[in-house]
Amino acid sequence: MRVSLPGIARSGPGFRFRFAGHEIPAWPGETLAAALTSAGQLALSTNGPDERRGVFCGMGACGECTVLVDGRSQRACMVAAAPGMVVEPMPRRVVATSDAPVAAPAQLLACDLLIIGAGPAGLAAAEAAVGLSVIIIDERSKPGGQYFKQPGKGFTITPTALDAQFSEGAALIADVAASPAKLMAGRSAWSARRDGHHIVVETSGPEGPARITAARLIIATGATEKPWPMPGWTLPGVMTTGAAQTLLRSGAVSPGSKVLVAGNGPLNIQLANELLNAGVTVAAVVEQAPRPGLARAGSALAMARYDARLAVQGVRQLARLARAGVPLLFSHIVCRAEGESQVERAFVAATRPDGSLGPERGFEIDALCIGAGFQPQAEMARALGCRLEWQGGAMAVVREDDGRTSVGNVFVAGDGGGLGGARAALAQGTLAGLAVVADVKGGLSAAQLAQSQAQRRALVTARGFQAGLWQLFAPAHPTPTVHTPETLLCRCEGVRFGDVDALLAAGTNDPGSIKRATRLGMGRCQGRYCGPLLAARLAGDGPVGEGDLFAPRPPFKPLSIAELAAGAAP
Ligand SMILES: Cc1cc2nc3c(=O)[nH]c(=O)nc-3n(C[C@H](O)[C@H](O)[C@H](O)COP(=O)(O)OP(=O)(O)OC[C@H]3O[C@@H](n4cnc5c(N)ncnc54)[C@H](O)[C@@H]3O)c2cc1C
Ligand code: FES
Numbered sequence: 005m006r007v008s009l010p011g012i013a014r015s016g017p018g019f020r021f022r023f024a025g026h027e028i029p030a031w032p033g034e035t036l037a038a039a040l041t042s043a044g045q046l047a048l049s050t051n052g053p054d055e056r057r058g059v060f061c062g063m064g065a066c067g068e069c070t071v072l073v074d075g076r077s078q079r080a081c082m083v084a085a086a087p088g089m090v091v092e093p094m095p096r097r098v099v100a101t102s103d104a105p106v107a108a109p110a111q112l113l114a115c116d117l118l119i120i121g122a123g124p125a126g127l128a129a130a131e132a133a134v135g136l137s138v139i140i141i142d143e144r145s146k147p148g149g150q151y152f153k154q155p156g157k158g159f160t161i162t163p164t165a166l167d168a169q170f171s172e173g174a175a176l177i178a179d180v181a182a183s184p185a186k187l188m189a190g191r192s193a194w195s196a197r198r199d200g201h202h203i204v205v206e207t208s209g210p211e212g213p214a215r216i217t218a219a220r221l222i223i224a225t226g227a228t229e230k231p232w233p234m235p236g237w238t239l240p241g242v243m244t245t246g247a248a249q250t251l252l253r254s255g256a257v258s259p260g261s262k263v264l265v266a267g268n269g270p271l272n273i274q275l276a277n278e279l280l281n282a283g284v285t286v287a288a289v290v291e292q293a294p295r296p297g298l299a300r301a302g303s304a305l306a307m308a309r310y311d312a313r314l315a316v317q318g319v320r321q322l323a324r325l326a327r328a329g330v331p332l333l334f335s336h337i338v339c340r341a342e343g344e345s346q347v348e349r350a351f352v353a354a355t356r357p358d359g360s361l362g363p364e365r366g367f368e369i370d371a372l373c374i375g376a377g378f379q380p381q382a383e384m385a386r387a388l389g390c391r392l393e394w395q396g397g398a399m400a401v402v403r404e405d406d407g408r409t410s411v412g413n414v415f416v417a418g419d420g421g422g423l424g425g426a427r428a429a430l431a432q433g434t435l436a437g438l439a440v441v442a443d444v445k446g447g448l449s450a451a452q453l454a455q456s457q458a459q460r461r462a463l464v465t466a467r468g469f470q471a472g473l474w475q476l477f478a479p480a481h482p483t484p485t486v487h488t489p490e491t492l493l494c495r496c497e498g499v500r501f502g503d504v505d506a507l508l509a510a511g512t513n514d515p516g517s518i519k520r521a522t523r524l525g526m527g528r529c530q531g532r533y534c535g536p537l538l539a540a541r542l543a544g545d546g547p548v549g550e551g552d553l554f555a556p557r558p559p560f561k562p563l564s565i566a567e568l569a570a571g572a573a574p
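In this text, residue positions in the sequence shown follow the working numbering: the first is 5, and each later residue adds one.
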């Protein structure tokens with residue numbers, strides 16, 4: 005469903021492309037995912053009527069929305085719709101197309117500093133790395149990352165009418181675009197290795213493969229959302245909260261006309277507000293944490309002490325939902341979804357202190373957005389040998405405030421190393437950029453030293469705010485199990501919880517053996533969603549360790565065999 009957003013207008017003329025024999029209307033700036041969602045075409049990859057998949061992560065991480073575009077497999081969330089395109093649903097188990105073009109040999113590029121990811125952290129790093137030769141790449145067609153995601157290229161923008169989040173991002177992007185840094189959008193890094201004192205990164209993008217050799221690397225790849233496995237979680241129309249927000253903020257498209265938003269954390273409340281503002285019916289907001297009250301006043305006060313403006317914004321968002329009559333169900337979770345070819349209803353229940361669930365309540369909907377928290381995209385740092393440890397429910401990179409890791413010339417800034425939110429990502433990005441300048445130039449100017457001190461203070465503030473925020477959103481009761489033995493643990497390869505439990509019961513309890521026995525982790529997402537679920541199962545009640553994780557292996561992002569061959573050439 006197309007919606008209007010303040011300051012963002014579709015600029016004509018509209019055009020059409022074909023999908024599974026249907027004519028689909030689209031506008032410049034829309035991704036295939038946005039145009040197909042608007043047209044009610046939610047099943048994008050399929051393996052017969054019982055196994056349909058649609059947009060899930062909306063950020064190029066899961067591969068569920070892969071379609072055949074003029075014969076080539078592409079992620080619908082990452083590709084702009086174009087006039088005359090012929091798009092087909094992707095058969096889920098076909099891995100090669102016969103007429104893939106041969107890729108040109110990889111371009112060879114070199115720089116002082118390569119930054120992977122142009123979100124708040126990567127952009128801030130590029131802005132700070134004055135005087136160095138810098139390349140910054142991002143697999144999305146527009147820089148901005150999650151927090152500063154911008155409307156697609158074809159939209160007409162009235163800067164004065166944009167919300168503060170859009171405008172702050174637009175200003176930062178403009179600064180970096182005007183700097184000597186080489187900004188390469190639409191380019192993904194699929195492999196990274198150490199070569200003597202350098203880091204060599206293989207990338208793929210619209211102009212073909214490129215191998216980038218850098219003296220220093222800043223990884224700023226952000227986070228993905230944690231999976232919430234339950235019956236029906238693979239139905240088209242069930243997606244992450246971030247995916248829905250990307251459809252909305254980048255494409256002015258709602259995931260549905262009646263949307264249930266569920267999970268844990270402030271992003272769900274923000275999305276529900278944004279949907280409401282766009283005229284969409286929000287069936288309910290289902291939050292696992294208890295209703296904020298006196299018992300959590302300390303956390304709220306801590307947040308206000310660190311950032312009063314953001315704390316007030318959160319209160320306003322809750323009040324707006326309440327005024328609009330949206331049911332706010334605290335201490336509740338979503339436990340299953342149903343539908344024929346797409347989600348039609350979802351069931352929620354109250355959590356109880358003993359970990360059980362109260363009676364179910366059903367909602368008739370056409371979209372379900374689940375945001376269950378975040379996990380860092382740390383596979384590249386792991387592959388490069390950076391040390392990781394279990395922190396706050398996810399594996400995080402061990403790093404200093406400026407992002408420096410256990411590998412001297414590799415920095416990880418922002419949510420890609422551990423979760424801190426956009427303000428922390430901005431501060432840490434700047435600190436990482438300055439640290440590289442200091443390394444290369446042998447020191448910083450007085451102005452840069454002052455900038456570094458200011459950003460260290462900003463980092464402390466951002467961390468204090470985040471700590472208060474997550475205390476406020478801490479669930480009061482143990483998380484009940486909502487999956488069954490039939491529920492898919494590995495969405496990509498169709499491996500069920502029951503299949504894994506049978507192997508564990510038989511004594512197969514290392515990730516490599518389970519992977520070989522079931523193909524779990526070998527799918528399009530490269531284990532991003534099933535890997536953490538398996539690791540948690542292997543770790544039991546203890547912290548997850550390296551031995552519970554799959555070995556980090558490229559390709560980290562999908563690419564064609566032709567690009568692989570071109571990138572692998574000496
Ligand atoms: C789905 C989602 C939605 C969010 N929405 C909000 C929100 O509405 N409000 C809020 O306050 N916070 C939000 N957050 C949190 C906030 O956005 C983050 O804290 C902040 O954006 C972190 O900045 P970052 O630069 O570390 O990462 P990101 O902003 O995530 O940027 C990472 C960038 O790296 C790119 N990338 C990743 N891997 C590769 C690769 N291999 N090759 C090339 N490029 C790559 C991505 O395309 C992305 O642009 C959201 C987080 C997520 C994950
Ligand atoms: S969920 Fe993608 S490989 Fe398992």
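Glycine included, each C-beta is placed from N, C-alpha and C at the ideal position.
In this structure, DSSP gives residue 369 a state outside helix and strand, which the three-state scheme calls coil.
Within the same chain, 405, 431, 435 come within 8 Å of residue 460 by CB-CB distance, once the 5 residues on both sides are set aside.
For residue 310, the Cβ stays outside the 6 Å cut-off from all heavy atoms of ligand 2.
Taking a cut-off of 8 Å on C-beta distances, the region 419-426 touches the region 114-132, as three or more cross pairs fall below it. For residue 307, the enclosing alpha helix (DSSP H) covers residues 301-310. Within the same chain, Cβ atoms closer than 8 Å to the Cβ of residue 11 are found at 161, 162, 163, 164, 165, 166, 167, 170, the five residues on either side in sequence being excluded.
Under the three-state reduction of DSSP output, residue 247 falls in the helix class. The residue from 25, 480, 473 with its alpha-carbon nearest to that of residue 316 is 473. The Cβ atoms of residue 189 and residue 124 do not sit closer than 7 Å to each other. Relative to ligand 2, the nearest heavy atom lies less than 6 Å away from the CB of residue 496. DSSP, reduced to helix, strand and coil, places residue 346 outside both helices and strands of the structure shown, so it counts as coil. Within the region 98-184, the runs of alpha helix (DSSP H) that reach at least 4 residues and sit entirely inside it are, in chain order, 124-132, 168-182. The count of Cβ pairs closer than 8 Å, one atom from the region 383-392 and one from the region 543-562, reaches three, so the stretches are in contact.
Under the DSSP definition of a beta bridge, residue 429 lacks any partner.
Taking 3 residues as the minimum length, the beta strand (DSSP E) runs contained wholly in the region 349-424 are 349-354, 365-368, 371-375, 378-380, 392-395, 398-401, 414-416, in order along the chain. About 2 Å separates the CB atoms of residue 32 and residue 158; that is less than 8 Å, so the two are in contact.
In the DSSP annotation of this structure, the continuous segment of the beta strand (DSSP E) that includes residue 291 starts and ends at 285-291. Between the C-alpha atoms of residue 527 and residue 178 there is a straight-line separation of about 37 Å. Cβ contact annotation for residue 27 (same chain, cutoff 7 Å, sequence separation greater than five): 20, in chain order. The count of Cβ pairs closer than 8 Å, one atom from the region 472-487 and one from the region 514-529, stays below three, leaving the stretches out of contact. In the three-state reduction of the DSSP assignment, residue 474 falls in the helix class. Around the Cβ of residue 112, a 10 Å sphere holds fewer than 16 other Cβ atoms; the residue is exposed. Our two residues, residue 88 and residue 424, have alpha carbons roughly 43 Å apart in a direct line.
DSSP places residue 193 in the uninterrupted beta strand (DSSP E) bounded by 192-199. DSSP places residue 27 inside the beta strand (DSSP E), whose first and last residues are 26-30. Residue 545 sits exposed, since fewer than 16 C-beta atoms from the chains shown fall within 10 Å of its C-beta.
The region 217-262 contains, as complete beta strand (DSSP E) runs of 3+ residues, the segments 227-229, 242-244 (chain order).
Annotation: the continuous alpha helix (DSSP H) that includes residue 536 extends over 534-543.
Taken in chain order, the complete beta strand (DSSP E) segments of 3 residues or longer contained in the region 16-94 are 19-23, 26-30, 70-73, 76-79. In this structure, 114 is the residue among 114, 375, 548, 354 with its C-alpha nearest to the C-alpha of residue 214. The criterion of a C-beta distance shorter than 7 Å is not satisfied by residue 470 and residue 303.
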